[in-house]
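Keeping their order, the protein sequence lines are chains A, B and C. So the first sequence is residues 92 to 209, counted in this note's numbering. So the second sequence is residues -8 to 298, counted in this note's numbering. So the third sequence is residues 207 to 629, counted in this note's numbering. Okay, so here's the structure we're looking at.
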Amino acid sequence: MLSSLAAALFVFLAAALAVLVYRWLDGAVSPNTQEEPQLVPFTGGHEPAAHAWSRFHVRYYAMAVLFLAFDMEMVFMYPWAVVYVREGLTALVEMLMFIVILLVGVLYAWRENALSWQ
Amino acid sequence: MTALLFAGVAVGAALSAGVLTAAVFDAAVGATVARTAGGPRGVLLTPLRRAAVVAVQRRTTTERPDARAWALAPALLLGLAAVMLTVVPVAPGVAVADVPHGVVLFGAAAATVLIPVFLQGWSPNSAFPLLGGYRMFAQGLSSMIPFALVLIAAALPAESLAIGDIVASQQGLWNVVRTPLGLPVYLATAPALAFWQPFSGPAGSDLAGGVELEASGPHLLAWRCAQYGVLVGMSAVGAAVFLGGWAGPALPGPVWVVLKTLFLVFVLVVARHLVARVRMERFVVGAWVVLLPAALADVFITGWWLL
Amino acid sequence: MTNPLRHLAAGAPAPTYLLRGALDADADAVRLDPRLRVVDSPRHATVLLVAGRLPDPLLTPAALTHDALPHPRASVWWGDGDPPARWLREAVRVPADGDPAAAVCDAHAQAVLGRRPSEPAVGTVVDRAAWDGVGPYGHGGSGMTGGTPYGRSLPDRDDDPRDGLTLDVLRVTVGPFFSALPPGLSIDVRLYGDLVGACELHEDPFATSGLSFVAPHAEPFERARTERVAVANLEQARISHHLRALARTLRLHGLHALSDRALRVAVAPTSSRSVERLLRLVAASGAPRAGAGTAVLTAEAAGLGLGVVARASGVADDAREHDPAYAPLGFEPVTQRRGDVRARTQQRVAEIRQSLRLCQAAGDAVREPGPPVEDPRLPVDALREPVAETLAGLEWGDAVLALDSFDFAVGTPRAARAPAGVP
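So, in structure tokens, the structure goes:
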């Protein structure tokens, strides 16, 4: 199994490195002569008043917390899926109870408009 | 060592062929929908020519970018696309990464796609790419849970998280029938994770290109190829998990894998040209209120049938 | 090694960035030519196509847009007379009745193959503060956000209008040549996250510079004021106008292929079968259903004489109702109820279908000049403040769709919309 994972890791690194090498080679072969006006971030023709990096209001932060709850549920569902057929009805009922409790959370978030922005 | 090199070459060839085929499909379906004249030669050559134009352009940068993160974005995206292809089995027991938890590895790769898209939006220090990057988080977080749940539902009959075992368990009945809501939810969430139209908010035309607005040259070419690669990877795993992988009469297994993958790619490309972009807020609400319960129902219906 | 690549690139459809100015030719039709491809961002383009005269307020943005193109780049000036800017004097010239696509394709090939030197920067970046601040990232000065980090300040802080959190607000002037906005229109927005706070639409730059123009497809509306025009011609022009608006909306929804198809139907003589098939595809895509409840313009704010926008808000005001040429055709104004983005899009689709019926029923009927003309073109200055108010509080994507739903005809002469009842 480790060799399979090593293969996946190798492929990942090779692909990432290929892109980085291509970018670097292209920059080395024909160097980039950039003039200042080209560097201005494009917003249709006017210069921006300020840098874009800012404390951006991420309006979906409540949804992100809900996602965390379901992500933790996912962690438990992975091994549950493997042993499900062996365990039978008890497995089904127990996971169903777990999910229903979490779904109440989704319902609450929906009714409290945590999922909408405007 | 040679095995690793062989694996790398195989995945590289599969990725290149997949990206090229997806681009050709895109051009062909686009030309059909737009009713433009143009023979098959034009459809085959145009993606190559367009790629050549982008390759010839210089890479531009902005005033105060995050240069390292910006360089990492397409590299990371292509790496993840390659990882997605490594878990796809082409024959019983034959996959580049035949791990006993292939579903988890694939889910992790699909989830991590958020990172390079956000980096691509954050790094140029420009307003509209930034908006696109933050949109990707909303889209990705919302679609990740239903996406993983339908994969788990497909793993239930196989009693294993290895994709090879899931394909083997479909010898009698494909999962598209056995887990009925699986493929529809998969086809709704996989393009959202790949920011593919109709979920192209991060790179949408209302942001004049979004995360791709400030990208040009080889950087843009690598980015677009990586996006097609992610699409092909998701289609390949979808074909393996829902459409029976190498199972099929007459033709050898690997050919069936390719045909089923291309079928899903074709479906996603047609959806791109015919379905309007889903608004961000609408998608978030839809993912949590419709797709998530549907995915859960899929899990429990499959579980019930297996009892 | 690069030569075969460059030859392959030279044969590609030239990625073009289109700057729309005052032109006597159809600038929309250029999108349909297979020799070029109009792109959304200047950083993806090799050729800058300046179509027509640009008014003075648009010259500096045009120069900055030109400089945003990556090398190798070329410019093409399409129009008659002198180019509006000095840097366009060396550009490839195409007369107004010429073939711009051939010139664009040629300029692209020349630039890519290196036969024509790539154009140098033409803009000057003014008001650029000194590049160094204090400290390793130039953030220095007093506190975290004092000083002048790298030539531009960091954003200001302000309370969020929706929940009162004090975070940063991005003040952006989304310029005249932004592909998501009507060409030539600029707006000043305050972005709280991705929500549009207060915003302000700039005045029509063509009107303030006296450069108003009439697009060729809208000529029947101008002629109908003083000459006899066939009713069928007038309604065909209306169908063409609304289909072009629909094409822009489809492009904003990401449906570029459908948008090209809509433009193709708009430019070619319309057969009702092709229009019907297109409308069915558009309806199936979900684009007309978008934007329910957003950017509602009430009937009072819509007022009279505002064409599609007024009728979508429920005001049954159509100049054709009192026009004797339309009486035998059984004309009834079509209205929608809510006045939101969805209503305006559906109103346009309904008016396309209505005009198709009128075309078939009219036959050879001719309209006498005299009664006011129902002109679908809406000048920007008619609704600047009400529209800016409706955009406040919308998410950016919804705001763009809302602005597009009004279908402002930037550059239309101000007298185009004569209110009903005024000769």
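Positions of the beta carbon are idealized from the N, C-alpha and C atoms, including for glycine.
Based on the DSSP secondary-structure assignment, which residues constitute the bridge partners of P221/C? Beta-bridge analysis with DSSP links P221/C to R243/C.
Can you give me the Cβ contacts of P475/C inside the same chain, cut-off strictly under 6 angstroms, excluding the 5 residues immediately before and after it? none
Please report how far the alpha carbon of L487/C lies from the alpha carbon of V85/B, in whole angstroms. 43 angstroms
Would you say A143/A reaches chain C, if we count a Cβ-Cβ gap shorter than 8 angstroms as a contact? yes
Ignore the nearest five residues each way along the sequence and tell me which others in A251/C's own chain have a CB closer than 7 angstroms to its CB. P221, T222, Y223, V245 and L275
Per DSSP, T372/C forms a beta bridge with which residues? D365/C
H528/C: buried (16+ other C-beta within 10 angstroms of its C-beta) or exposed? exposed
Which residues, in chain order, does the segment 114 to 132 of chain A contribute to contact with chain C at a C-beta distance below 7 angstroms? E126, E127, P128, Q129 and V131
Where does D157/C fall in DSSP's three states? Here chain C covers residues 207 to 629 and nothing more, so residue 157/C does not appear.
Check each residue of the segment 181 to 202 of chain A: if its Cβ is closer than 7 angstroms to any Cβ of chain C, include it; give the result in chain order. none
Cα-Cα separation between G179/A and M186/A, rounded to whole angstroms: So the alpha carbons of these two residues sit roughly 11 angstroms apart.
Runs of alpha helix (DSSP H) lying entirely within the segment 389 to 452 of chain C, each at least 4 residues, in chain order: Along the segment 389 to 452 of chain C, the alpha helix (DSSP H) occurs as fully enclosed runs of 4 or more residues at 411 to 414 and 425 to 429, listed in sequence order.
Neighbour list for Q130/B in chain C, Cβ cutoff strictly below 7 angstroms: Neighbours of Q130/B on chain C: none; closest Cβ ~12 angstroms, over 7 angstroms.
Nonlocal neighbours in the same chain, by C-beta distance under 6 angstroms from A216/C, ignoring five residues either side: Within the same chain, A216/C has close Cβ partners A315, V318 and L319.
Sheet register partners of F614/C (DSSP bridge): L584/C
Chain B contact for A421/C (CB, 8 angstroms cutoff): no
Report all residues from its chain with a CB closer than 6 angstroms to the CB of L564/C; omit the five preceding and five following residues, and keep chain order. E441 and L535
Counting C-beta neighbours from all protein chains within 10 Å, is the total for I192/A 16 or more, i.e. buried, or is it exposed? exposed
With W602/C and L122/B assumed to form a contact (beta carbons below 8 angstroms), what rounded beta-carbon distance in angstroms separates them? 6 angstroms
Is it buried or exposed, T432/C, if we count other Cβ atoms within 10 angstroms and call 16 or more buried? In summary, T432/C is exposed, with fewer than 16 beta-carbon neighbours lying within 10 Å of its beta-carbon over all protein chains present.
Where do the ends of the beta strand (DSSP E) carrying V298/C lie? V298 to V300
Hey, out of I154/B, L39/B, P240/B and A8/B, whose CA is closest to A302/B's CA? This structure leaves residue 302/B out entirely; chain B is present only between -8 and 298.
8 angstroms Cβ cutoff, S632/C in contact with chain B: The requested residue 632/C is not part of the displayed model; chain C covers only 207 to 629.
Could you check whether R146/A and L365/C sit closer than 8 angstroms to each other, using their CB atoms as the reference points? It is Asp, not Leu, that sits at residue 365/C in the sequence shown. Taking the C-beta atoms as reference points, R146/A is found no nearer than 8 angstroms to D365/C.
Is the Cβ of R450/C closer than 8 angstroms to any Cβ of chain B? It does not: the Cβ of R450/C has no partner Cβ on chain B nearer than 8 angstroms.
Cβ shell of T271/C (< 6 angstroms), same chain only, five flanking positions each side left out: P248 and F383
State the Cα-Cα distance for the pair V87/B and V276/B, rounded to the nearest angstrom. A direct Cα-to-Cα measurement between V87/B and V276/B gives close to 38 angstroms.
With three or more beta-carbon pairs closer than 8 angstroms as the criterion, would you say the segment 256 to 265 of chain B touches the segment 169 to 189 of chain B? yes
Cβ of A498/C less than 8 angstroms from any chain B Cβ? no
When you compare only the Cα positions, how much space is there between G294/B and A179/B? 22 angstroms
Using a Cβ cut-off of 8 angstroms (strictly closer), state whether G136/A contacts chain B. no
Using a cut-off of 8 angstroms between C-beta atoms, extract the partners of S247/C located in chain A. F133
Just grab the DSSP bridge partners of A280/C for me. V253/C
Within 8 angstroms of any Cβ in chain C, is that where the Cβ of R215/B sits? The beta carbon of R215/B does not come within 8 angstroms of any beta carbon belonging to chain C, so the residue lies off that interface.
Proximity to D57/B [Cα-Cα], best of V280/B, Q130/B and L110/B: Per the Cα distances, L110/B.
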